[in-house]
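All letters in the sequence shown, in the order written, are residues 8 to 678 by our numbering. A short write-up of the structure that comes next.
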Amino acid sequence: MNESALKQIAMKKALENHNTVKEKGEKKSDLKEALIASEIRYRRLFESAKDGILILDAETGMIVDVNPFLINLLGYSKSDFIEKAIWEIGFLNDIIENKEKFAELQQNKYVRYEDLPLKTSTGNKIHVEFVSNVYIENQKEVIQCNIRDITERINIQNEIKFQVDLINNVGQAIVATDLQGTVIYWNNAAEKIYGWLSSEAIGQNIIHLTPAQQTKEQAIDSMQKLSMGQTWAGEFLVKRKDGSSFPAFVTDTPMVSSDGELKGIIGISSDVTERKRNELELILAKEKAEESERLKSAFLANMSHEIRTPMNGILGFTELLKNIDLNGEQQQQYIGIIEKSGARLLNIINDIISISKIESKETRITVTETNVNELMAFIYHFFKPEAAKKNLKFSFKNGLSTKDAFVNTDREKIYAILTNLVKNAIKFTQSGYIETGYNVKNGFIEFYVSDSGTGIPLEQREYIFERFRQGNETLTSNYEGAGLGLSISKAYVEMLGGKIWIKNRTAESSLNGDREITGSVFYFTIPANFTQKIKPDIAVKVVDNEAKGNAKKLKILLVEDDFNSELLMRAYLKMFAKEILHVSNGIDAVNICKKNDDIDLILMDINMLGMNGYEATRNIRTFNNHVVIIAQTAYALSGDKEKVIAAGCNNYISKPISHHVLCKMINSYFN
Numbered sequence: 008m009n010e011s012a013l014k015q016i017a018m019k020k021a022l023e024n025h026n027t028v029k030e031k032g033e034k035k036s037d038l039k040e041a042l043i044a045s046e047i048r049y050r051r052l053f054e055s056a057k058d059g060i061l062i063l064d065a066e067t068g069m070i071v072d073v074n075p076f077l078i079n080l081l082g083y084s085k086s087d088f089i090e091k092a093i094w095e096i097g098f099l100n101d102i103i104e105n106k107e108k109f110a111e112l113q114q115n116k117y118v119r120y121e122d123l124p125l126k127t128s129t130g131n132k133i134h135v136e137f138v139s140n141v142y143i144e145n146q147k148e149v150i151q152c153n154i155r156d157i158t159e160r161i162n163i164q165n166e167i168k169f170q171v172d173l174i175n176n177v178g179q180a181i182v183a184t185d186l187q188g189t190v191i192y193w194n195n196a197a198e199k200i201y202g203w204l205s206s207e208a209i210g211q212n213i214i215h216l217t218p219a220q221q222t223k224e225q226a227i228d229s230m231q232k233l234s235m236g237q238t239w240a241g242e243f244l245v246k247r248k249d250g251s252s253f254p255a256f257v258t259d260t261p262m263v264s265s266d267g268e269l270k271g272i273i274g275i276s277s278d279v280t281e282r283k284r285n286e287l288e289l290i291l292a293k294e295k296a297e298e299s300e301r302l303k304s305a306f307l308a309n310m311s312h313e314i315r316t317p318m319n320g321i322l323g324f325t326e327l328l329k330n331i332d333l334n335g336e337q338q339q340q341y342i343g344i345i346e347k348s349g350a351r352l353l354n355i356i357n358d359i360i361s362i363s364k365i366e367s368k369e370t371r372i373t374v375t376e377t378n379v380n381e382l383m384a385f386i387y388h389f390f391k392p393e394a395a396k397k398n399l400k401f402s403f404k405n406g407l408s409t410k411d412a413f414v415n416t417d418r419e420k421i422y423a424i425l426t427n428l429v430k431n432a433i434k435f436t437q438s439g440y441i442e443t444g445y446n447v448k449n450g451f452i453e454f455y456v457s458d459s460g461t462g463i464p465l466e467q468r469e470y471i472f473e474r475f476r477q478g479n480e481t482l483t484s485n486y487e488g489a490g491l492g493l494s495i496s497k498a499y500v501e502m503l504g505g506k507i508w509i510k511n512r513t514a515e516s517s518l519n520g521d522r523e524i525t526g527s528v529f530y531f532t533i534p535a536n537f538t539q540k541i542k543p544d545i546a547v548k549v550v551d552n553e554a555k556g557n558a559k560k561l562k563i564l565l566v567e568d569d570f571n572s573e574l575l576m577r578a579y580l581k582m583f584a585k586e587i588l589h590v591s592n593g594i595d596a597v598n599i600c601k602k603n604d605d606i607d608l609i610l611m612d613i614n615m616l617g618m619n620g621y622e623a624t625r626n627i628r629t630f631n632n633h634v635v636i637i638a639q640t641a642y643a644l645s646g647d648k649e650k651v652i653a654a655g656c657n658n659y660i661s662k663p664i665s666h667h668v669l670c671k672m673i674n675s676y677f678n
């Protein structure tokens with residue numbers, strides 16, 4: 008190869024090398040430009056990003072860069088970030104609290120916080136999503152932290168959660184369904200009210216879960232209103248999971264999308280059982296109040312009639328007795344009317360007192376050994392003359408022999424019950440018969456009073472035992488009485504542990520074959536607490552309680568502050584007395600007893616001004632224990648007898664004082 012050829016080859020190689028170097032230079036220049044362009048693009052993204060960005064040295068944890076968005080978001084300056092460890096910055100303490108956590112980040116190369124609370128420079132709390140990645144830059148590991156403000160999203164989520172919690176904690180069942188009736192929401196109250204769990208209810212048809220007993224009109228009205236986008240409300244029975252029904256008040260509201268399309272129904276329902284119960288109680292209370300007002304008016308009218316009628320007899324015939332032209336027969340007739348009117352008035356007062364004692368729960372049961380046969384015989388002999396006046400056949404039947412008829416019970420209560428029933432039978436029976444008696448059944452003594460009177464219609468039996476009511480209230484002007492006897496009897500029977508009821512006696516009518524009432528039978532029971540003691544038969548005796556044959560004449564002190572009562576008592580005591588002393592107050596009674604230690608009997612009024620009868624008796628007993636003291640009082644309440652005995656009296660008699668009872672009591676001490 009000649010020299011010329013070698014030169015050409017060398018020239019060619021040199022040119023190729025030149026071109027290669029040139030190309031490499033150009034490529035290097037292009038790469039540099041590309042890197043610069045990339046850096047510019049990254050910086051632009053870094054500076055304009057809508058998320059906060061922190062760049063950290065992966066080895067030291069020092070912040071090397073922070074973008075403007077994060078600076079603006081938190082309200083700090085760039086110098087507050089640069090060349091500081093992330094754990095040294097107060098508002099980032101929740102991200103990494105110590106170097107160990109940072110080491111964990113270095114090792115895992117990735118950390119994510121879904122909801123991280125941060126505080127701005129003004130103290131406001133914000134929520135961010137925090138993501139950290141480790142990557143290589145210029146052969147060196149760096150950490151990029153991306154911080155996204157999710158405060159608005161968290162606030163919306165919290166608001167939704169609050170509303171869900173609110174809905175779940177209300178007392179009303181809230182149920183949402185689609186247009187086919189499939190349940191898509193079921194709150195906690197719905198679980199409690201209907202018995203279905205939310206997991207059981209969602210996806211099921213509402214008709215199968217809560218069958219409703221709507222009326223046809225309600226169903227049509229509901230469909231029409233909901234289809235027009237209107238709310239419907241109504242009340243009807245709904246079934247629970249266990250099959251039980253309850254009254255529900257339901258409000259259905261259309262569920263409409265933002266474009267106005269009907270998507271489903273939201274139903275809000277309440278169990279109104281308690282409200283219905285309260286409404287019923289209010290209705291019953293109103294009816295009871297109205298009935299009470301009616302009864303009060305009837306009672307006042309009846310009391311006016313029952314008090315004024317005998318008072319008319321008393322005052323009217325007393326006025327007539329002043330006529331000096333009356334013969335003895337007329338005088339006795341008028342006196343008899345006055346006496347009967349007074350007894351009628353006293354019965355009214357006694358009934359009012361008895362019902363008042365029952366109302367105030369002051370009535371007490373006093374159990375004594377009682378011979379039922381003796382009691383029945385007493386009732387028979389007592390009412391036989393009254394029945395005979397109306398030409399009524401009156402009889403009684405005993406269910407036991409006299410020696411087996413001893414029971415432990417309250418004799419006075421049984422007497423009062425039988426008295427009320429027999430009096431009513433005589434009052435409402437115009438002809439025929441009255442029969443009273445008893446039988447022993449299933450551990451109870453069952454008494455009865457049967458008559459052939461007017462009977463009690465079925466509709467009136469509901470209230471016959473209520474106070475101030477009578478069997479036939481249209482007849483109250485024809486029959487005397489306050490309408491309290493049966494109410495008192497019922498209360499006494501229940502106190503004794505028994506029950507009282509009524510049945511009508513019926514017979515077939517000859518006119519149309521229907522059964523007509525021919526009388527009534529009242530029954531009541533008491534526990535048959537028989538005593539083991541056997542006593543001989545006791546006959547009912549009429550005892551002469553007058554003072555005839557009383558050999559001893561008494562020195563009597565009458566303590567009485569009412570002039571009329573004093574005159575009456577002087578007349579009653581005249582047959583017993585050799586001397587009657589009188590004072591009108593307790594102090595004088597004590598003083599006269601100190602001066603007269605030979606006083607045999609004291610009739611002590613209880614209700615006096617100054618020193619009353621209780622105090623006077625206690626004082627007298629401090630120096631005289633032998634004198635007989637009988638308390639006399641116009642009070643007739645439970646506990647009066649116990650109080651006077653406790654004060655030192657020997658016995659007790661209530662006003663109006665019966666001459667017969669007073670004589671019997673005095674004779675028991677001195678004859």
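By construction, the Cβ of each residue, glycine as well, lies at the ideal position given by its N, Cα and C atoms.
Whether residue i touches residue j by CB criterion (9 Å)
{"i": "isoleucine 62", "j": "glutamine 151", "result": "yes"}
{"i": "threonine 184", "j": "isoleucine 174", "result": "no"}
{"i": "serine 527", "j": "threonine 461", "result": "yes"}
{"i": "glycine 188", "j": "arginine 247", "result": "no"}
{"i": "aspartate 259", "j": "leucine 233", "result": "yes"}
{"i": "phenylalanine 531", "j": "isoleucine 495", "result": "no"}
{"i": "isoleucine 613", "j": "valine 651", "result": "yes"}
{"i": "alanine 180", "j": "serine 304", "result": "no"}
{"i": "leucine 428", "j": "threonine 443", "result": "yes"}
{"i": "lysine 602", "j": "alanine 584", "result": "no"}
{"i": "leucine 503", "j": "isoleucine 471", "result": "no"}
{"i": "phenylalanine 454", "j": "leucine 425", "result": "yes"}
Cβ neighbours of residue i in the same chain (closer than 6 Å, five flanking residues each side left out)
{"i": "valine 635", "result": "Leu608, Asn657, Tyr676"}
{"i": "glutamine 221", "result": "Phe243"}
{"i": "threonine 375", "result": "Arg418"}
{"i": "tyrosine 621", "result": "Ala654"}
{"i": "leucine 4", "result": "Shown here, the chain extends from 8 to 678; a query on residue 4 therefore has no answer."}
{"i": "serine 665", "result": "none"}
Residue i, DSSP secondary structure in three states
{"i": "asparagine 79", "result": "helix"}
{"i": "isoleucine 441", "result": "strand"}
{"i": "cysteine 152", "result": "strand"}
{"i": "valine 550", "result": "Note on valine 550: pLDDT 40, under 50, position unreliable in the model; the coordinate value appears next. Here valine 550 sits in coil by DSSP."}
{"i": "glutamate 298", "result": "helix"}
{"i": "valine 634", "result": "coil"}
{"i": "proline 2", "result": "This structure does not reach residue 2, given that the chain is present from 8 up to 678, and the question cannot be answered."}
{"i": "aspartate 228", "result": "helix"}
{"i": "alanine 56", "result": "coil"}
{"i": "asparagine 115", "result": "helix"}
Residue i CB to nearest heavy atom of the ligand GDP below 8 Å
{"i": "phenylalanine 243", "result": "Looking at this structure, you won't find the ligand GDP or any other ligand, since it has none at all."}
Bridge partners - residue i, DSSP secondary structure assignment
{"i": "glycine 526", "result": "Arg512"}
{"i": "isoleucine 471", "result": "Answer is none; isoleucine 471 lacks a bridge partner."}
{"i": "serine 402", "result": "Glu442"}
{"i": "asparagine 658", "result": "Ile637"}
{"i": "glutamate 376", "result": "Asn415"}
{"i": "tyrosine 676", "result": "Per DSSP, none; premise fails for tyrosine 676."}
{"i": "tyrosine 5", "result": "The structure shown does not extend to residue 5, since the chain is modelled only from 8 to 678, so the question has no answer here."}
{"i": "methionine 611", "result": "Val566, Ala638"}
{"i": "aspartate 458", "result": "Ile441, Ser527"}
{"i": "phenylalanine 256", "result": "Glu242, Ser277"}
Residues near residue i in its chain [Cβ-Cβ closer than 7 Å; skip 5 each side]
{"i": "alanine 65", "result": "Gln113, Val141, Glu148, Val149, Ile150"}
{"i": "glycine 556", "result": "Its pLDDT being 43, under 50, glycine 556 is placed unreliably in this model, and the value from its coordinates should be taken loosely. There are no such residues."}
{"i": "aspartate 75", "result": "A quick correction: the sequence has proline, not aspartate, at residue 75. Cβ within range, chain order: Glu54."}
{"i": "tyrosine 117", "result": "Ser139, Asn140"}
Beta carbon proximity, residue i to chain D, threshold 9 Å
{"i": "isoleucine 533", "result": "Judged by its chain identifiers, the structure shown contains no chain D, having just a single protein chain."}
Own chain residues within Cβ distance below 8 Å of residue i, not counting five before or after
{"i": "glutamate 567", "result": "Glu573, Met576, His589, Ser591, Leu610, Asp612, Gln639"}
{"i": "isoleucine 89", "result": "Ile70, Val71, Asp72, Val73"}
{"i": "proline 663", "result": "Gly349, Leu353"}
{"i": "lysine 91", "result": "Met69, Ile70"}
{"i": "threonine 127", "result": "Leu80, Leu81, Gly82, Phe98, Ile133"}
{"i": "valine 447", "result": "Gly406, Leu407, Glu453, Ala535"}
Checklist entry - Are the segment 383-397 and the segment 338-350 touching, with three or more C-beta to C-beta distances below 8 Å? => result no
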